[in-house]
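Chemist: Before I ask anything, here is the structure I am working with.
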Amino acid sequence: MKCIEKERQALLMFKQGLVDDCGYLSSWGSDEGRKDCCKWSGVQCSNRTGHVIMLNLKYKVDPVCPNRPLRGNINSSLLELQHLNYLDLSVNDFLGNPIPEFIGFFTKLRFLDLSLANFSGRIPYQLGNLTNLQSLNLGYNSLYVSKFGWLSHLNKLTQLDLDFVDLSEASDWLQVITSLASLRDLYLASSTLPSINRPSLSSMNSSTSLALLDLSSCGLSNSAYHWLFKISSNLLALDLNSN
C-alpha cells in the first residue's frame with residue numbers, strides 16, 4: 006500500500022521548514038525512487054489504508070554528524086496527517102518557538118513526545134483535545150503552565166513527563182493530577198510546584214494509580230508531604246532529591 010498523495014505533499018512541505026544538515030530526511034523526495042512516503046525515514050503507514058500513522062523524527066546521536074539535530078519550524082501542513090497516532094519530534098531544535106496549537110487537532114494521537122526540542126512559552130490548552138493520549142512528554146524545554154484544566158481531559162494518560170516545566174502558577178496541579186485515573190508514571194523534576202492548600206487535601210483522591218513519581222528539585226512545601234503520605238503505599242518508585 007503506497008502512501009496517500011496529499012499526505013506525501015504535506016510531509017514535503019514540513020521538510021521545507023527544516024534545516025537538515027546531516028541528511029536525516031534524504032529519503033524524503035519527489036523523484037521516482039523516493040515517491041512512496043511510507044518508505045521514508047521516520048514515517049510509518051497503515052498497511053490497510055496507506056495513511057501515515059507514525060512520525061518519529063527523534064534525533065539520535067550520529068558519530069559521523071554529531072550534535073546536528075533537525076532545526077526550524079513545524080509547518081501546519083502536518084494537519085493533513087489526521088490519522089497520526091504517534092508523533093515524536095524530541096531532541097531537535099525548534100528555535101525557541103511555542104508548541105503549535107494545531108498539534109491539539111491530532112485527536113488520534115496516543116503518543117506525543119516534544120521533549121528536549123527547544124520549545125518555549127505557554128503549553129497550549131488545545132492539547133486537551135488529545136483525549137486518546139496515553140503518553141505525553143514535554144520535558145526539558147522552556148515551557149510554563151498557568152492552568153491545568155486542559156490536562157483533566159486526558160483520562161487515558163498512563164505516562165506524563167513535565168520535567169523542567171514551570172508550574173509555579175498552576176495552583177490546580179494536584180487536583181488535576183489526582184483526577185487522572187490511569188496515570189502510573191509522573192515526572193515533575195525541577196518544575197517549581199506551588200504550595201498545596203492543606204485544607205483541600207482531605208478532598209483529594211488518595212486511591213491514585215501512580216506507581217512512579219519524580220518530584221526531585223521541585224521546592225516542595227511541607228503540605229505536599231501530607232499528600233505523599235496518603236499515596237505512598239501505592240508507589241513503587243519515589244524521587245524527592247534536592248527538596
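Residue numbers for the sequence shown follow the numbering used here, so the first one is 6 and each next one is one higher.
Cβ coordinates follow ideal geometry from the N, Cα and C atoms, glycine included.
Computed from a predicted model, the values in this text were never measured in an experiment.
#1: Taking contact to mean 3 or more Cβ pairs, one atom from each stretch, closer than 8 Å, check whether the stretch 122–141 and the stretch 78–87 are in contact.
#2: Indicate whether S32 and K20 have their beta-carbon atoms separated by less than 8 Å.
#3: Check whether the Cβ atoms of N137 and K161 sit closer than 8 Å, and answer yes or no.
#4: Taking the C-alpha atoms as reference points, what is the distance between E106 and L240?
#5: Suppose contacts are defined by Cβ-Cβ distances below 8 Å. Is S140 in contact with F169 by that definition?
#6: When we look at the beta-carbon of F111 and count the other beta-carbons within 10 Å, is it buried (16 or more) or exposed?
#7: Going by DSSP, what residues sit across from S147 in a beta bridge?
#8: Taking the Cβ atom as the reference point for each residue, do S184 and S157 lie within a distance shorter than 8 Å?
#9: Can you check whether the CB of L119 is closer than 8 Å to the CB of N90?
#10: Compute the beta-carbon to beta-carbon distance between G34 and G77, rounded to the nearest angstrom, for a pair I have assumed lies under 8 Å.
#11: Count the other CB atoms, across all protein chains shown, that sit within 10 Å of the CB of F234; report buried if there are 16 or more and exposed otherwise.
#12: Alpha carbon to alpha carbon, what distance is there between V150 and S173?
#13: If M6 sits next to N61, beta carbons under 8 Å apart, how far is it from one beta carbon to the other, in whole angstroms?
#14: With a threshold of 16 other CB atoms inside 10 Å of the CB of A186, please say whether the residue is buried or exposed.
#15: Considering only residues of the stretch 185–245, which uninterrupted beta strand (DSSP E) runs meet the minimum length of 3 residues and lie entirely inside it, listed in chain order?
#16: Counting along the chain, where does the alpha helix (DSSP H) carrying L114 start and finish?
#17: From the DSSP output, in three-state form, read off N61 for me.
#18: Nearest CA to the CA of L121: which residue from Q164, S214, K65 and I108?
#19: Taking the alpha carbon of N102 as the reference point, which residue from M59, G109 and S147 has its own alpha carbon closest?
Modeler: Well, looking at it:
#1: no
#2: no
#3: yes
#4: 34 Å
#5: no
#6: buried
#7: S125
#8: yes
#9: no
#10: So it is not a contact: roughly 18 Å between Cβ atoms.
#11: exposed
#12: 8 Å
#13: About 19 Å; that fails the 8 Å criterion.
#14: exposed
#15: 190–192, 217–219 and 242–244
#16: From DSSP, L114 is part of no alpha helix (DSSP H); its letter is neither H nor E.
#17: strand
#18: K65
#19: S147
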